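Enquirer: Below you will find the structure I want to go over with you.
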Amino acid sequence: MSKQLNYCNSHPWNLSPSEAIALQRKLSAQVITEDRLDPVQTVAGVDVGFEDRDSITRAAVVVLRFDDLSFIEQTVARQPTCSRYIPGLLSFRECPAILAALAQLTVTPDLIFCDGQGIAHPRRFGIACHLGVLTNLPSIGVGKSRLVGRHEPVPEMRGSWVPLIDKEETIGAVLRTRSGVSPIFVSPGHRISLTTAIDYVMACTTRYRLPETTRNADKLASSK
DNA sequence: GCGACAG
DNA sequence: ATCTTGTCGC
Numbered sequence: 617m618s619k620q621l622n623y624c625n626s627h628p629w630n631l632s633p634s635e636a637i638a639l640q641r642k643l644s645a646q647v648i649t650e651d652r653l654d655p656v657q658t659v660a661g662v663d664v665g666f667e668d669r670d671s672i673t674r675a676a677v678v679v680l681r682f683d684d685l686s687f688i689e690q691t692v693a694r695q696p697t698c699s700r701y702i703p704g705l706l707s708f709r710e711c712p713a714i715l716a717a718l719a720q721l722t723v724t725p726d727l728i729f730c731d732g733q734g735i736a737h738p739r740r741f742g743i744a745c746h747l748g749v750l751t752n753l754p755s756i757g758v759g760k761s762r763l764v765g766r767h768e769p770v771p772e773m774r775g776s777w778v779p780l781i782d783k784e785e786t787i788g789a790v791l792r793t794r795s796g797v798s799p800i801f802v803s804p805g806h807r808i809s810l811t812t813a814i815d816y817v818m819a820c821t822t823r824y825r826l827p828e829t830t831r832n833a834d835k836l837a838s839s840k
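First residue of the first sequence: 617, per the working numbering; consecutive thereafter.
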């Protein structure tokens, strides 16, 4: 049996913006937005923070048991920052460190929650898609704000959502995880449908706006 | 040309 | 993302 996480078939990361965009267009053909996931027993949250005025990128992964959200494992990877942030090209800045953190895990998560968008992206290839395709793991994009798309107001009740639409296409959901708090942006990353993604996000969200996976990864990525 | 723009 | 204390509201 070989380890499931195989990052050796990755690709160069030091690309110009136009090269990166071309690569996104090419890789987006591999994205699967249907449910092709095994029964979920473990969920992972990934997040990235920066140190020393952006010179160091710090990626954190936290794995929880799905049924009770109890802690299983966490890893952190620190690397020199490889590129600046450009809207639409976030994954080229954050993925290298995230892949390094994922490679340190001793368990393979059944589902990954990413900080940012999945297909709710100009080329339908946000960071959750990129991470999902490279690892071949099911992934969901969980964004705190909007990159593209338009939507109607979201009802106040916890659990309600409205479609996020771009060019006549539903690319995600604007989801109210808590009443009285601004909604979050959920979209499929890889090997999962939108409605299933919403279900998993709600199942992992207790009393805060963001899923516990993301909150835990957040702490790890930004605490020193 | 102008405005928008995940983290 | 990051720089940062107290403060308003349920």
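Ideal Cβ placement from N, Cα and C applies to all residues, glycine included.
These numbers were taken from a predicted model, which means no experiment stands behind them.
(1) With burial defined as no fewer than 16 other Cβ atoms inside 10 Å of the residue's Cβ, what is the status of PHE741: buried or exposed?
(2) Per DSSP, what kind of secondary structure is PRO804 in: helix, strand or coil?
(3) In the DSSP output, which residue or residues are listed as bridge partners for ARG681?
(4) Is the segment 747 to 759 touching the segment 722 to 734 in the sense that three or more CB pairs, one from each, lie closer than 8 Å?
(5) Ignore the nearest five residues each way along the sequence and tell me which others in SER795's own chain have a CB closer than 7 Å to its CB.
(6) Using only the alpha-carbon positions, how far apart do HIS806 and VAL659 sit?
(7) Determine contact between the segment 818 to 837 and the segment 653 to 670, defined as no fewer than three beta-carbon pairs at a distance below 8 Å.
(8) Contact between the segment 796 to 815 and the segment 626 to 642 is defined here as three or more beta-carbon pairs at a separation below 8 Å; is this criterion met?
(9) Where DSSP assigns a beta bridge to LEU639, which residues make up the other side?
(10) Can you tell me where the beta strand (DSSP E) holding THR691 begins and where it ends?
(11) Residues in the same chain with beta-carbon distance under 6 Å from ILE743, minus the five sequence neighbours each way, listed in chain order, please.
(12) Which whole-angstrom value is the C-beta distance of VAL677 and GLN690, which I expect to be below 8 Å?
(13) Here's the rule: buried if 16 or more other CB atoms are within 10 angstroms of the residue's CB, otherwise exposed. What is ALA717?
(14) Per the DSSP calculation, PRO588 is bridged to which residue(s)?
(15) Can you tell me the Cβ-Cβ gap for ILE808 and LEU680, rounded? I've got them flagged as a contact below 8 Å.
(16) Which term fits ARG700, buried or exposed, when burial requires 16 or more other beta carbons within 10 angstroms of its beta carbon?
(17) The beta strand (DSSP E) that contains PHE708, what's its start and end?
(18) Use the C-beta contact count for ARG709: other C-beta atoms within 10 angstroms, 16 or more gives buried, fewer gives exposed.
Expert: From the atom records:
(1) By the neighbour-count rule (16 or more Cβ atoms within 10 Å), PHE741 is buried.
(2) In the displayed model, PRO804 falls within a strand according to three-state DSSP.
(3) The secondary-structure analysis by DSSP pairs ARG681 across a beta bridge with THR658.
(4) Enough Cβ pairs lie closer than 8 Å, so yes.
(5) Correct list, in chain order: GLU772, MET773 and ARG774.
(6) Their backbone Cα atoms lie some 14 Å apart in a straight line.
(7) Per the Cβ contact rule, the segment 818 to 837 is in contact with the segment 653 to 670 (3 or more Cβ pairs under 8 Å).
(8) Cβ pair count under 8 Å is below three, so no.
(9) Partner residues in a beta bridge of LEU639, as assigned by DSSP, do not exist.
(10) Looking at the DSSP string, the run of the beta strand (DSSP E) that includes THR691 is 687 to 696.
(11) Within the same chain, ILE743 has close Cβ partners LEU706, SER707, CYS730 and GLY732.
(12) Right, their Cβ atoms sit about 7 Å apart.
(13) That one is buried.
(14) Not covered by the structure: residue 588. The range shown for the chain is 617 to 840.
(15) Not a contact, Cβ separation roughly 17 Å.
(16) ARG700 comes out exposed.
(17) DSSP places PHE708 in no beta strand (DSSP E) but in the uninterrupted alpha helix (DSSP H) bounded by 706 to 719.
(18) Classification for ARG709: buried.
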